[in-house]
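As structure tokens, the structure follows; a few thoughts come after it.
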Amino acid sequence: MKKKVRNRFFAPLLVLLMLLATVRTEAVDYQAKVQADIKAFRDYFAAQFPDVPFADYANGVYAIDADSRQQWLEMEEFPPYALSVEDGKALFEKPFANGKTYGSCFPNGGAVRHNYPYFDEKRGTVVTLEMAINECRVANGEKSLACKGGDIAKISAYMAFISRGNPVDVKVASEGAYKAYMKGKEFFYAKHGKLNMSCAGCHMEFAGKRLRAEILSPALGHTTHFPVYRSKWGEIGTLHKRYGGCTNDTGANAFAPQSEEYRNLEFFETVMSNGLIFNGPASRK
Amino acid sequence: MKRNLLSTAALLSVMLSAGDLRAAAPDAKALIEQAETARKEAASLGYEWRDTAALIKKAQDALAAGQEAEASKLAQDALLEGQQSVAQAHSMQKSWQTLIPKL
Amino acid sequence: MKRIAMIAAVSILMLPLSGQADSREENIAKGKKLALDGSKGNCLACHLIPGGEMAGNLGPPLLQMKQRYPKRSVLHSQIWDSTAKNSHSMMPPFGKHGVMTKEEVDYVVDYMYSL
């Protein structure tokens, strides 16, 4: 009798165990793969700039060039983004036509910058801070804001400012998230445009070197400090505005801010900066 | 004698101006269509170049203004961009991983 | 009559050749203009060129080019499509991607050989 019972349960039990095994390995694999990428990325920069402490990469080009660092430290006494943060605060606190505020969408008084970008499992897409700001607006009967500069950059600057000090910790825990991550990764390493250039070419291999008179920033830490007040723009602007400009410069057709391509790129770049501290907004040349 | 010399001179002048004839030969309208097809393919792959659409528009405008040779040249430039951007897309999709910088 | 015709024919055929010898300076000047044009060679973006200002340092300085590229065709290829030799190359394929024509690359090579 016992033998019969055992045999009857044996096959289904085996199937169940196999299923559990696959589910368990699948959950571990994505994180492990991404972790291996992060380690390789960090090691690459550590080898290139052995004297730069890891945490410093959040300061971009100022971490790897003494002269620009000096200029930047002087600017930080009266940072050009300070006014944008003030404007952003006012915009964040101003009620919509329906009486609600951004506070109804964003907890913690808006100090949630470090929760973005994230992969939304239900929607199967990467959600960025600017995207979430606009979704809050639309949900409350307001129009979306353009995503290169202006009001959205100011609100983002305020939220970044009050979120300073939080660690970058983007999760890639599902197949969907991993797919988005890989799309961003491909974009970063592939050559684009008439000039056949890649993000990695300038911001990894040539990081710290000069393109004309400008020093190329290291990709590690790229997204910790946005939005930025860029002297060239004369105003505060978003990460996707900068992405568009760079794409343009390589002779490729720029994607729209908050396009899937740029959200995936932001996702990849932020994952690569896991472990650094968010320190936006910032000023740049 | 005179007729032979005249025909030789005529032949020579035709040969020397053959360059112009060849440039006008490719059908500008067909080239514009080919360029637009290539541009669309590159766009669908995510690798459209910045100026291709503008070049096509310029070619269309030149053609509409009756500047056949100019339209043809612009269309050829646009077609090159379209073809190269598609080639770039295929090449990158296949081997972008090999471009990851190693230590 | 036949002799006059022959002389005429030969002189007409010689016309393109007679231009070449004294336009080498012109070629170098054309090449320099292309090299320094931001929408063409834009070489200063990445390379030091003697006499150029605010040069980048992503690529090697463009000096002693005759010694470094004794074969003209090799230098031409490098400018035309550097990825043919090195798939990782960050140098734009100026010829292959239509930034410059074959003639323009020739002029740039002439200029390079003057450095």
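Protein sequences appear in the order of chains W, S and C. If you count the first sequence from 1, position 106 lands on 98 in the numbering used here, and the numbers rise without skipping. Going from the second sequence to the numbering used here is simple: count from 1 and add 26. Going from the third sequence to the numbering used here is simple: count from 1 and add 190. Even for Gly, the Cβ is constructed at its ideal location relative to N, Cα and C. It should be emphasised that the depicted structure is a prediction, and the values quoted were computed from it without experimental measurement.
Answer yes or no: do residue i and residue j have a C-beta to C-beta separation smaller than 9 Å?
| i | j | result |
| --- | --- | --- |
| W:LEU187 | C:GLY246 | no |
| W:PHE111 | W:ALA32 | no |
| W:HIS232 | W:GLU258 | yes |
| W:ALA169 | W:GLY229 | no |
| W:SER275 | W:SER223 | yes |
| S:LEU106 | C:GLY241 | no |
| W:ALA246 | C:MET244 | no |
| W:PRO42 | W:TYR221 | no |
| C:LEU248 | W:PHE198 | yes |
| W:PRO159 | W:PRO219 | no |
| C:MET255 | C:MET302 | yes |
| W:ALA152 | W:PHE260 | no |
| S:LEU129 | W:LYS183 | no |
| S:TRP75 | W:TYR181 | no |
| S:ALA61 | S:ALA88 | no |
| W:LEU83 | W:ASP143 | yes |
| W:LYS140 | W:GLY236 | yes |
| W:GLY200 | W:ASP57 | yes |
Taking only the alpha-carbon atoms, compute the straight-line gap between residue i and residue j and give it to the nearest angstrom.
| i | j | result |
| --- | --- | --- |
| S:ALA90 | W:THR239 | 32 Å |
| S:GLU96 | S:GLN102 | 10 Å |
| C:PHE284 | C:ASP271 | 6 Å |
| C:ASP300 | C:CYS233 | 14 Å |
| W:ILE207 | W:LEU137 | 32 Å |
| C:GLY221 | C:TYR297 | 4 Å |
| W:GLY267 | W:ILE30 | 10 Å |
| W:ILE125 | W:VAL44 | 35 Å |
| S:GLU94 | S:LEU81 | 15 Å |
| W:CYS194 | S:SER111 | 20 Å |
| W:CYS191 | W:GLY176 | 11 Å |
| W:GLU18 | S:ALA54 | Its pLDDT being 49, under 50, W:GLU18 is placed unreliably by the model, and the measurement read from it follows with that caveat. C-alpha separation (whole angstroms): 55 Å. |
| C:SER213 | W:MET264 | 54 Å |
| W:ALA55 | W:HIS106 | 21 Å |
| W:PHE88 | W:THR117 | 27 Å |
| W:ARG255 | C:ALA219 | 46 Å |
| S:LYS66 | W:GLY102 | 42 Å |
| W:HIS214 | W:MET123 | 19 Å |
| C:LYS286 | W:LYS163 | 41 Å |
| C:LYS230 | C:TYR259 | 21 Å |
| W:LEU8 | W:ALA24 | 24 Å |
| C:ALA225 | W:GLU178 | 32 Å |
| S:ALA69 | W:GLN62 | 43 Å |
By DSSP, does residue i sit in helix, in strand, or in coil?
| i | result |
| --- | --- |
| S:GLN123 | helix |
| W:PHE111 | strand |
| W:ILE269 | strand |
| C:SER294 | In the sequence as presented, Ser is not what sits at residue 294 of chain C; that position holds Glu. Looking at C:GLU294 - three-state DSSP - the assignment turns out to be helix. |
| W:GLU167 | helix |
| W:ILE228 | strand |
| W:ALA244 | strand |
| W:GLY141 | strand |
| W:HIS195 | helix |
| W:SER76 | helix |
| W:MET123 | helix |
Residue i: buried (16+ other C-beta within 10 angstroms of its C-beta) or exposed?
| i | result |
| --- | --- |
| W:TYR108 | buried |
| W:ASP35 | exposed |
| W:ASP59 | exposed |
| C:ASN276 | exposed |
| S:LEU47 | Confidence at S:LEU47 is low in this model, with a pLDDT of 48, below 50, so the placement of that residue should be treated as unreliable; the coordinate-derived value is given next. Label assigned to S:LEU47: exposed. |
| C:GLN257 | exposed |
| W:GLY133 | exposed |
| S:ALA49 | With a pLDDT of 49 at S:ALA49, under the threshold of 50, the modelled position of this residue cannot be trusted; read the value that follows with caution. The residue is exposed, with fewer than 16 neighbouring Cβ atoms inside 10 Å. |
| W:ILE147 | buried |
| W:LYS114 | exposed |
| W:PHE70 | exposed |
| W:ARG0 | exposed |
| S:ASP116 | First, the residue type needs correcting, since residue 116 of chain S is His and not Asp in the sequence shown. Its Cβ having fewer than 16 others within 10 Å, S:HIS116 is exposed. |
| W:PRO210 | buried |
| C:SER263 | exposed |
| W:ALA248 | exposed |
In terms of DSSP beta bridges, what is residue i paired with?
| i | result |
| --- | --- |
| W:SER275 | W:TYR221 |
| W:ARG202 | W:ILE207 |
| W:VAL118 | W:PHE111 |
| W:PRO159 | W:ILE269 |
| W:HIS184 | W:MET189 |
| W:TRP64 | Paired residue(s): none; W:TRP64 is not in a bridge. |
| S:TRP75 | W:ALA244 |
In chain B, what lies closer than 8 Å to residue i by C-beta?
| i | result |
| --- | --- |
| C:SER277 | This model lacks chain B altogether, as its protein chains are W, S and C. |
Using 8 Å as the cut-off, classify the Cβ of residue i as near or not near the heavy atoms of the ligand MN, replying yes or no.
| i | result |
| --- | --- |
| W:TYR110 | The model on display carries no ligand, and the ligand MN is accordingly not part of it. |
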